[in-house]
Amino acid sequence: MISSAALLYLGLFASALGMHKHGAALVGKTSAAIIQRYAPALSWLLILLSLGPVTFADRPSLSLILWVGLVPLLAGLILVALAWDTRIARLAAIIAIGALGIAPIL
Amino acid sequence: MSAIREGARQAMAWLHGWTGLLLGHVLFIMCLAGTLSVFKPEIGRWMRPEATAIAEPVDAIAAAVGWLEKNASGAGGWYLSAPDERMNTVEAVYAQGADYLERALDPVTGAPVARETLGGEFFYRLHFELELPYPWGRLLASLAALFMLVAISTGIIAHRRIFRDFFTFRPRKGQRSWLDGHNALGVLSLPFHIMITFTGLLTLASLSLPWPIVANYGQDAVTMYREFAPGVVDRPAAGKKAALAPVTPMLREAERYFGGGRIGRVNIANPGDAAAVVTVLRSDADQIPYAATQISFDGATGRTLARWNEKRSALLTYDVLYGLHIVRFAPLVTRWLYFFGGSMLTLAIATGMVLWIVKRRERAPLSLANRALERLNVGVLVGVPIGLAAFFCANRLLPLGGMERADVEISMALWTAFGGLLAGLILPPALAWPALLGVLAMTCLIAPWLGGGAPWLAAAVARGDFLFVTIDATLTFCGAALALLAYDLARRRSRSATPIGTRRGRAAL
């Protein structure tokens, strides 16, 4: 489930990046202009990919419930970061990428 | 076309506001109690710190039956819940005279534990019975859930920018912040809100929508229950005494039938009678569907009478939806996510109630009705949580034994909540909000330390049980967050009360 959570977070992060008013706050105006073209498609792709580990889990029904429960938690983290300190969202994105790297070992 | 769409949206916004407002306070209590019920067994353990014995479910049920045979032999039925990794005692319900008693039984001796309390069961019952007599509490809860479903559906249509504002929250901007907060709490967890409301409504469907049952069965409830649960044998007492056969072989046979699944509940009808029936239901923790597998035995001989594994798609669907609501299947992380989703729903209701007032106050002076609602908001949104926190404190402060302890705990919680409600109604809201939030914070902060909390905490940690740490930490975290909120509100109140010439830092507000 770690890889699923990481992919879901990155998908939601990309979704926020793709939004006009949030993209610049997260990565600066210049980077946002470039990223925003691809962010929506990337966001949906990552969110769909996050369902992959759920499908192949031992008990997919339980994993799907867990996945649905993770959405407000991870989206809430981005919302809080955007309201108070965007570094939290960027740091969490880095952690998510790291988690994707170590998930196969775990 | 867009004018029609805008008109429809406004109509939905109107309906969203009124459905939320009319039963908003009831919904707040239901959601708060429901959220706490996610950890019903854990709260039960926290509230019985002396009960530390652990036993296998089969041995614990056998011990409980042994005690009940000696002490509750005249009861018409014993309803037992087996212990598991979340709850170490046997939860027993049995008749004594005209009353039904609920007791936690020691898993080794089978006797009731010293600290008589309803534990998490109080929150569970409050969630859908609202401390009202049957069937009125359940009917009100059912109606409130229906209103909730309407409020959610209309809220989705009324929300103009549901995806564009997905991550938007603008703090310290008055009405805008309340609206952002309400939207975020509602939208981020929308699938959970829809699921929990719909499944909740379904759990009470036989009360709120009784007509299909009446059309099919009329007044014949016995046939209905027999068809709904063919694994349960319902037969009248024979009036001839007969000792109950040893339950352990029956429970072992049930475990074999469950294919390695654990036993969850054991219902013994007509104990001590020749027509006694022992029904064993599989643990709800093993699967999402609720009580889908069961086996019944003849109490006097131990012979198998009926066995049933639910495969009928309609009933299995119902069992799955029921199971999704009561969340007994969930592992720890999922339970916390349910808790988080439930908290978001509770806060969405609370922010919606506050938003109703904030919105109207920014337009014009409040009407008399809205001023009453503003005070009622403080009384319910803070007073009721104070009552629930007082339940934890009462558990630690009341002496053991000697009275109807569990009832006194509940009375203390309800009277405290009533006091909070009254204070909210009497005090001006600008004073009542910080004052009552401060009381709530204090109650949460002291609950873990009352009545010798520290030694229990240390003993639990020493035996590798981190439940006490988790609940104490959660109470402390909530208390600290509420204290900060109360302090912030009090600071803002004192600033706004300072004469204009001496105000400092007003621009920062």
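As they're listed, the protein sequences go chains S and V.
Each residue of the first sequence is one higher than the one before, counting from 10 in this note's numbering.
Each residue of the second sequence is one higher than the one before, counting from 23 in this note's numbering.
All residues carry an ideal CB built from backbone N, CA and C; glycine is no exception.
For Asp341 (chain V), the uninterrupted alpha helix (DSSP H) run begins and ends at 335-348, by DSSP. Interface with chain S (7 Å Cβ-Cβ cutoff): Leu462 (chain V) is excluded. Restricting attention to S:Gly20, S:Pro113, S:Ala14, the CA atom closest to the CA of Val63 (chain S) is found in S:Ala14.
Residue environment: His31 (chain S) is assigned as buried (16 or more neighbouring CB atoms within 10 Å of its CB, all protein chains considered). When Cβ pairs closer than 8 Å are counted between the two stretches, the stretch 92-111 of chain S is seen to touch the stretch 18-26 of chain S, the count reaching three or more. For the C-beta of Val36 (chain S), not a single chain V residue is nearer than 8 Å; the gap to the nearest is close to 14 Å. For Gly423 (chain V), the three-state secondary structure derived from DSSP is coil. Distances from the alpha-carbon of Gln316 (chain V) to those of V:Gln309, V:Arg325, V:Arg329, V:Ala307 put V:Arg329 closest. Proximity of the stretch 93-107 of chain V to the stretch 273-293 of chain V meets the contact definition, three or more beta-carbon pairs being nearer than 8 Å.
DSSP lists V:Lys263 as the bridge partner or partners of Asp295 (chain V). What Ile87 (chain S) touches in chain V, judged by beta-carbon distance under 7 Å, is Phe189, going in chain order. The beta carbon of Ala416 (chain V) sits closer than 6 Å to the beta carbons of Glu431, Met434 from its chain, once the five residues preceding and following it are set aside; these are given in chain order.
Annotated three-state conformation of Glu124 (chain V) is strand, per DSSP.
The DSSP-derived three-state label of Ser72 (chain S) is helix. In the three-state reduction of the DSSP assignment, Gln32 (chain V) falls in the helix class, which pools H, G and I. By the rule that beta-carbons nearer than 7 Å mark a contact, Thr465 (chain V) does not touch chain S. Exclusion of the five residues before and after Leu377 (chain V) leaves Trp200, Leu201, His204 as the residues of its chain whose Cβ lies within less than 7 Å of its Cβ. Excluding sequence positions up to five before and after Ile493 (chain V), its CB lies within less than 6 Å of the CB of Trp68, all in the same chain and listed in chain order. Within the stretch 51-81 of chain S, contact with chain V at the beta-carbon level (separation under 8 Å) is assigned to Ser70, Leu71, Ile74, Leu75, Val77, Gly78, Leu79, Val80, Pro81. A distance below 7 Å separates the beta carbons of Leu49 (chain V) and Met170 (chain V). Asp487 (chain V): not part of any alpha helix (DSSP H); DSSP gives it neither H nor E. At a cut-off of 7 Å between beta-carbon atoms, Leu16 (chain S) makes no contact with chain V. Assignment of Gly286 (chain V) by DSSP, reduced to helix, strand and coil, places it in the strand class.
Nearest to Gly78 (chain S) by alpha-carbon distance, out of V:Arg350, V:Ala173, V:Val400, V:Gly364, is V:Gly364. Pairwise C-beta distances place the stretch 53-70 of chain V in contact with the stretch 139-149 of chain V, as three or more of them are shorter than 8 Å. Thr219 (chain V) is a Cβ neighbour of Ala167 (chain V), given a cutoff of 7 Å. The beta carbon of Gly401 (chain V) is closer than 6 Å to those of Leu443, Gly446, Leu447 in its chain, skipping five residues each way along the sequence. Contact between Ala98 (chain S) and Ala108 (chain S) is ruled out by a C-beta separation of about 15 Å, above the 8 Å threshold. When C-beta distances to chain S are compared with 8 Å, the residues of the stretch 171-187 of chain V below that value are Arg186, in chain order. Taking 7 Å as the threshold, the shortest C-beta distance from Ala445 (chain V) to chain S does not fall below it.
For Ala82 (chain V), the closest C-alpha among the options V:Glu277, V:Thr74, V:Pro105 is that of V:Pro105. Taken in chain order, the complete alpha helix (DSSP H) segments of 4 residues or longer contained in the stretch 50-130 of chain V are 62-68, 79-93. Shown here, Ala328 (chain V) sits in a strand according to DSSP, grouped into three states.
The bridge partners DSSP lists for Val302 (chain V) are V:Val288, V:Ile317. Only exposed fits Ala30 (chain V), as fewer than 16 other CB atoms lie within 10 angstroms of its CB. In the three-state reduction of the DSSP assignment, Pro134 (chain V) falls in the strand class, which pools E and B.
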